[in-house]
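First up is the structure itself, then whatever we jot down about it.
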Amino acid sequence: MRPLLFLLLLPFCCFAKSDSLLIKEIQVLEGDTFITAELDNIDILSFKTDEDKRYYLRLKRKTLKVYPYALLAAHKLDSIQQDLEHIPRKRKRKKYLKAVEQWAKEDLAEELKKLTRWEGRILVKLIYRETGICTYDIVKELRGGWHAFIWQQLAKIYDNNLKNTYQPTNDKEDKLIEHILIETEQISRVKKY
Numbered sequence: 003m004r005p006l007l008f009l010l011l012l013p014f015c016c017f018a019k020s021d022s023l024l025i026k027e028i029q030v031l032e033g034d035t036f037i038t039a040e041l042d043n044i045d046i047l048s049f050k051t052d053e054d055k056r057y058y059l060r061l062k063r064k065t066l067k068v069y070p071y072a073l074l075a076a077h078k079l080d081s082i083q084q085d086l087e088h089i090p091r092k093r094k095r096k097k098y099l100k101a102v103e104q105w106a107k108e109d110l111a112e113e114l115k116k117l118t119r120w121e122g123r124i125l126v127k128l129i130y131r132e133t134g135i136c137t138y139d140i141v142k143e144l145r146g147g148w149h150a151f152i153w154q155q156l157a158k159i160y161d162n163n164l165k166n167t168y169q170p171t172n173d174k175e176d177k178l179i180e181h182i183l184i185e186t187e188q189i190s191r192v193k194k195y
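Heads up: the sequence shown begins at 3 in the working numbering, then just goes up one per residue.
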């Protein structure tokens, strides 16, 4: 019976996932076993007031809403820059950029118009986080200084600034956004196992 049970369980054991916990050291002292292992760092937030907690939860909801757009922007910017390297003529570059702009208007404009001002500010910061370039400089590089100036003035009307950078070490809101993104990344890694 035991050999049959062993043969039945063997396939399940062969395809088991490996343990992600790295054991550093095992010590036996006075009959007790002590295992030393390295775990991922976690941050624990505490809030002084309920208002601070509500602010954090609203920021988390809004950050998770716009983060996919920032990832898409970073990916698209990278592919645009790679494509532009292979286009030698200025006229063809302009034509290509117009086509990309048309795609963005058709696919993303309606969704992005629904964002609130606060979500727009978060999106500008997250685009900087993902690309390392402020949104103003991206527009200036791809569409020119005049377009960048116009979009900057339009953003200022809505209490935004395309020149905003992402500084999690200096800005309280940016620090919370960074915490939210790291926490979300850790949760998604845990769910894979």
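Ideal placement from N, C-alpha and C gives every residue a C-beta, glycine not left out.
1) Which runs of the beta strand (DSSP E) spanning at least 3 residues fall entirely within the stretch 22-88, listed in chain order?
2) Report the three-state DSSP secondary structure of residue 122 (helix, strand or coil).
3) Residue 98 by DSSP, collapsed to three states: which one?
4) Helix, strand or coil: how does DSSP classify residue 134 here?
5) From residue 66 to residue 124, what does the alpha carbon distance come to, in whole angstroms?
6) Note down, in chain order, each residue of its chain lying with its Cβ closer than 6 Å to the Cβ of residue 29, except the 5 sequence neighbours on either side.
7) What are the boundary residues of the alpha helix (DSSP H) that residue 156 is part of?
8) Check whether the stretch 164-178 and the stretch 118-133 touch, using three or more Cβ-Cβ pairs below 8 Å as the test.
9) With residue 182 and residue 62 assumed to form a contact (beta carbons below 8 Å), what rounded beta-carbon distance in angstroms separates them?
10) Cβ atoms of residue 58 and residue 178: under 8 Å apart, would you say?
11) List the whole-angstrom C-beta distance separating residue 1 from residue 64, where the pair is believed to meet the contact cut-off of C-beta under 8 Å.
12) In whole angstroms, what separates the C-alpha of residue 130 from that of residue 33?
13) Who are the near neighbours of residue 135 in its chain, counting only those whose CB is closer than 7 Å to its CB and skipping five residues on each side?
14) Where does residue 173 fall in DSSP's three states?
15) If we ignore side chains and look at the alpha-carbon of each, how far apart do residue 184 and residue 93 end up?
16) Considering only their Cβ atoms, is the gap separating residue 98 from residue 85 smaller than 8 Å?
17) Contact check, residue 150 vs residue 158 under 8 Å by CB: the rounded distance?
In terms of the structure at hand:
1) 24-31, 34-40
2) Taking the sequence shown and counting its residues from 1, one reaches residue 122 at position 120. Helix, per DSSP.
3) Within the sequence shown, the letter at position 96 stands for residue 98. Residue 98 falls in the helix class under three-state DSSP.
4) Taking the sequence shown and counting its residues from 1, the one referred to as residue 134 is at position 132. Residue state, collapsed to three classes: coil.
5) Counting from one through the sequence shown, the residue named residue 66 turns up at place 64. Counting from one through the sequence shown, the residue named residue 124 turns up at place 122. Rounded to the nearest angstrom, the two C-alpha atoms are 10 Å apart.
6) As a first step, residue 29 is located in the sequence shown; it is residue number 27 there, counting from the start. Excluding positions up to five away in sequence, the list reads 36.
7) For the purposes of this step, residue 156 is taken as residue 154 along the sequence shown, with counting starting at 1. 147-159 is the extent of the alpha helix (DSSP H) around residue 156.
8) yes
9) Translated into positions along the sequence shown, residue 182 becomes position 180. Translated into positions along the sequence shown, residue 62 becomes position 60. Sure, about 5 Å apart at Cβ, within 8 Å.
10) Numbered from 1 along the sequence shown, position 176 holds the residue referred to as residue 178. Numbered from 1 along the sequence shown, position 56 holds the residue referred to as residue 58. Yes.
11) Residue 1 cannot be examined here, being either before or after the span of the chain that is shown, 3 to 195.
12) By 1-based counting over the sequence shown, the position of residue 130 is 128. By 1-based counting over the sequence shown, the position of residue 33 is 31. C-alpha separation (whole angstroms): 55 Å.
13) In the sequence shown, the residue the question calls residue 135 occupies position 133. The answer is none, since no qualifying residue turns up.
14) Reading the sequence shown from its first residue, position 171 is the one you call residue 173. Residue state, collapsed to three classes: coil.
15) Here residue 184 is taken as the residue at index 182 of the sequence shown, counted from 1. Here residue 93 is taken as the residue at index 91 of the sequence shown, counted from 1. Spanning the two alpha carbons is a distance of roughly 42 Å.
16) Your numbering for residue 85 matches position 83 in the sequence shown. Your numbering for residue 98 matches position 96 in the sequence shown. Yes, the Cβ-Cβ distance between residue 85 and residue 98 is below 8 Å.
17) Looking up residue 150 in the sequence shown gives position 148. Looking up residue 158 in the sequence shown gives position 156. Not confirmed; about 13 Å, so no contact.
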